[in-house]
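Participant: Here's a structure for you.
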Amino acid sequence: MGHGGMSCGMKTMRFVMVAFNIIFFLIGLALIAVGIYVLADPSLQKIKKIFPIDGNPELEQGLSYLTVIAIVILVLGGVLLIIGFLGCCGAMKQVKIFLILYGIIIGIIILFEVAITIYFVAFKSKFEDQIKPKLKDALQNTYEGPLGLISNTNVSKPSGISIAWDFIMYNFQCCGVYNRSDFDGTKKWNRTNIWANASLGNSTNFKYPLTCCNMGNVFTTNWNDFNSAQLQSAATCAMTGNNTYTIGCYDKFMDLINTAKTWIIIGAVLILVIELAAFIFAMALCCRKRKDTMYYSN
């Protein structure tokens, strides 16, 4: 190895660091694309109205939890983009300032991730206690039912927030926030059964939404795709309460997350290991650069 030459181990370290940071760069681009999509896609605008940050159920535009999530994704994508750039350039060209900045950013991210993990584990129940009552209040103040989306009805078209609730309950097979009893206190829901005089007896009101009943559960947002037999079957369920979904949508989402919990933990551990390795590699390359400079100055 000549003066200033790089050992096989250091070359391998640099190669691995460049490879990982190219991946970081590409992931950053992908996250930015996803964040832009969440902010711009019209269909997701309906869902975002269900989570207003200020808790005002009448607010149909503006900042929401979904918007915040999109912004977080954009910021995360931008950070990964910067990390990938600094890591690649710092490792390939051995630019000391890039390696230092890269190490600092990675170190801050590691500390932040550890802090977030501790907070989530310690305050998970507190978060649930705060968010579920707000969602229930929003449901009871805004839900209007899906009948206005069906052709040839005299029911007025529901608001975007109400459509979002039906979209979630139908496609995720859940009912309400806690459970179906959340609909006992709704203020805007027109419970009239438009099929009452056809074949469903004398009952004229629904106890629960049609979307709390099984209608085939093919992923859709077009209520005109259902035939009359499906809708009448759901109407019977909605009037009697028999065979409605018993799980609330919040618990349903948590169950979906818990189902993938093992893979989430594995992914988080792998990310942490990669970040620690990147931090160590960056510091090693930076120290080598400094040693080379001291050697030549002598």
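Okay, so the sequence shown: first residue is 12 according to the numbering used here, each after it adds one.
Note that beta-carbon positions come from the ideal geometry of N, C-alpha and C, so glycine has one too.
Quick one: Cα of Ile286 to Cα of Cys185, how far?
Facilitator: A small fix is needed here, since residue 286 is Glu in this sequence, not Ile. Going by the C-alpha atoms only, they are around 38 Å apart.
Participant: In chain order, what residues of the same chain have a beta carbon less than 7 Å from the beta carbon of Cys248, not counting five sequence neighbours either side?
Facilitator: Cys224, Asn254 and Thr255
Participant: Quick check on Val289: buried or exposed, where buried means 16 or more other Cβ atoms within 10 Å of its Cβ?
Facilitator: Rather than Val, the amino acid found at residue 289 in this sequence is Ala. Label assigned to Ala289: buried.
Participant: Would DSSP call Asn182 helix, strand or coil?
Facilitator: helix
Participant: Straight-line CA distance for Gln105 to Gly118?
Facilitator: 19 Å
Participant: Around the Cβ of Gln151, are there at least 16 other Cβ atoms within 10 angstroms (buried) or fewer (exposed)?
Facilitator: Gln151 should be labelled buried.
Participant: Would you grab the beta carbon distance between Phe35 and Gly98 for me? Rounded to a whole angstrom, and I think it's under 8 Å.
Facilitator: 7 Å
Participant: Which residues does DSSP list as the beta-bridge partners of Thr203?
Facilitator: Asn216, per the DSSP bridge assignment.
Participant: Between the segment 40-48 and the segment 84-99, do at least 3 Cβ pairs fall closer than 8 Å?
Facilitator: yes
Participant: Just tell me which of Ser170, Asn216, Ile258 and Gly259 has its CA closest to the CA of Ala246.
Facilitator: Asn216
Participant: Can you tell me whether Lys104 is helix, strand or coil according to DSSP?
Facilitator: helix
Participant: I need the straight-line Cα distance from Asp195 to Ile129, nearest angstrom please.
Facilitator: 37 Å
Participant: Could you check how far apart the C-beta atoms of Lys143 and Tyr261 are, in whole angstroms? I think they sit under 8 Å.
Facilitator: 6 Å
Participant: State the DSSP-derived secondary structure class of Cys224, mapped to helix, strand or coil.
Facilitator: coil
Participant: Given a threshold of 16 other Cβ atoms within 10 Å of its Cβ, counted over all protein chains shown, does Leu110 qualify as buried or as exposed?
Facilitator: buried
Participant: Do Ala81 and Leu37 have their C-beta atoms within less than 8 Å of each other?
Facilitator: Ala81 places its beta carbon 8 Å or farther from that of Leu37.
Participant: Output needed for Ile33: all residues of its chain with C-beta closer than 8 Å, excluding positions within five of it in sequence on either side, in chain order.
Facilitator: Gly95 and Cys99
Participant: Since I believe Tyr181 is in contact with Thr153 (beta carbons under 8 Å), could you give me their beta-carbon distance rounded to a whole number of angstroms?
Facilitator: With 8 Å as the limit, Thr153 and Tyr181 do not qualify as a contact, their Cβ atoms being about 17 Å apart.
Participant: Mapping DSSP to helix, strand and coil, what is Gln243?
Facilitator: helix
Participant: Apart from the five residues just before and just after Tyr189, which ones in its own chain have a Cβ nearer than 6 Å to its Cβ?
Facilitator: Gly259
Participant: What are the boundary residues of the alpha helix (DSSP H) that Ile33 is part of?
Facilitator: Cys19 to Ala51
Participant: Give every residue of the same chain whose Cβ lies closer than 6 Å to the Cβ of Ala293, excluding the five residues on either side of it in the sequence, and list them in chain order.
Facilitator: The beta carbon of Ala293 lies closer than 6 Å to those of Leu110, Tyr113 and Gly114 in the same chain, with the five residues before and after it left out.
Participant: Rounded to whole angstroms, what is the Cα-Cα separation between Val27 and Ile127?
Facilitator: If you take the alpha carbons of Val27 and Ile127, they lie about 28 Å apart.
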